[in-house]
Amino acid sequence: AQKVTQAQTEISVVEKEDVTLDCVYETRDTTYYLFWYKQPPSGELVFLIRRNSFDEQNEISGRYSWNFQKSTSSFNFTITASQVVDSAVYFCALSDSTGGSQGNLIFGKGTKLSVKP
Amino acid sequence: DVKVTQSSRYLVKRTGEKVFLECVQDMDHENMFWYRQDPGLGLRLIYFSYDVKMKEKGDIPEGYSVSREKKERFSLILESASTNQTSMYLCASSLEGGIETQYFGPGTRLLVL
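Sequence lines, in order, name chains P and G. For the first sequence, counting from 1, position 15 maps to 15 in the working numbering; every step adds exactly one. For the second sequence, counting from 1, position 98 maps to 1098 in the working numbering; every step adds exactly one.
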């Protein structure tokens, strides 16, 4: 069965620190997609990234970077030089063929990141 | 630009009332989804729809129904609201086929008294 585990429930850092949010997934499929979403206090989930299982290249977007390692079934998210505006709940999600053609998502329980000035 | 809107940000209802939560997307997406989000439980899928007038149960459909009469609109209905349906409700949409990114609305915080 598919499963996404975000072991860190809450993380608190001081501004300008680097922080890594962990995501471990389980799936039997060889083709699957992984996602990260950000949920600021306003409540809306904001899409950050989608990666497919055949692309293990790390990705960098500004202060954000993602490390995908199939060998450990992990898709970790790092924020470099964190800022107060990064404070949010971050969700990792998995979609594979068992979700049907609609691509249903399995979400982790989220990691609440607090960045203090 | 991607846009999913929900009819209310906050809603207060009484036990036993019929509640309608509306979601509209302007991206011509085929798929639409309703989730509820609760502390410690994360996001759970209630219902989804892959076409007009089509619907499929998600993980927790009990106590809910849905309606999709037009492609852009997906309604979640609580036939008789109960206090355990107090939650944050999130709507999402995505393109058909394959595994496409879901885009979310701002959410509706529902309180059932």
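Backbone N, C-alpha and C fix where the C-beta goes; we use that ideal spot for every residue, glycine too. Just so we're clear, the structure is a prediction, and the values are computed from it rather than from any experiment.
query, result
"Whether residue 72/P touches residue 20/P by CB criterion (9 Å)", "no"
"Of the listed residues 1026/G, 1027/G, 1011/G, 1028/G, nearest to residue 1020/G (C-alpha basis)", "1011/G"
"Own chain partners of residue 12/P with C-beta closer than 6 Å, once the 5 adjacent residues on each side are dropped", "114"
"C-beta atoms of residue 1023/G and residue 1006/G nearer than 9 Å", "yes"
"Residue nearest to residue 1028/G in terms of C-alpha spacing, selected from 1096/G, 1109/G, 1015/G", "1096/G"
"Residues that DSSP places opposite residue 1054/G in a beta bridge", "Beta-bridge pairing links residue 1054/G to no other residue."
"Every unbroken alpha helix (DSSP H) inside the segment 9 to 93 of chain P [4 residues or more]", "none"
"7 Å Cβ cut-off: residues of chain P touching residue 1090/G", "45"
"Contact set between residue 1104/G and chain P, taken where Cβ atoms lie within less than 7 Å", "44, 45"
"Where the segment 1020 to 1046 of chain G meets chain P: residues whose CB sits under 9 Å from a CB there", "1030, 1031, 1033, 1035, 1037, 1040, 1041, 1042, 1043, 1044, 1045"
"9 Å Cβ cutoff, residue 109/P in contact with chain G", "yes"
"Alpha carbon of residue 1080/G to alpha carbon of residue 1015/G, nearest angstrom", "7 Å"
"Which of helix, strand or coil DSSP assigns to residue 1084/G", "helix"
"Segment contact flag, the segment 36 to 46 of chain P with the segment 54 to 61 of chain P, C-beta cutoff 8 Å, min 3 pairs", "no"
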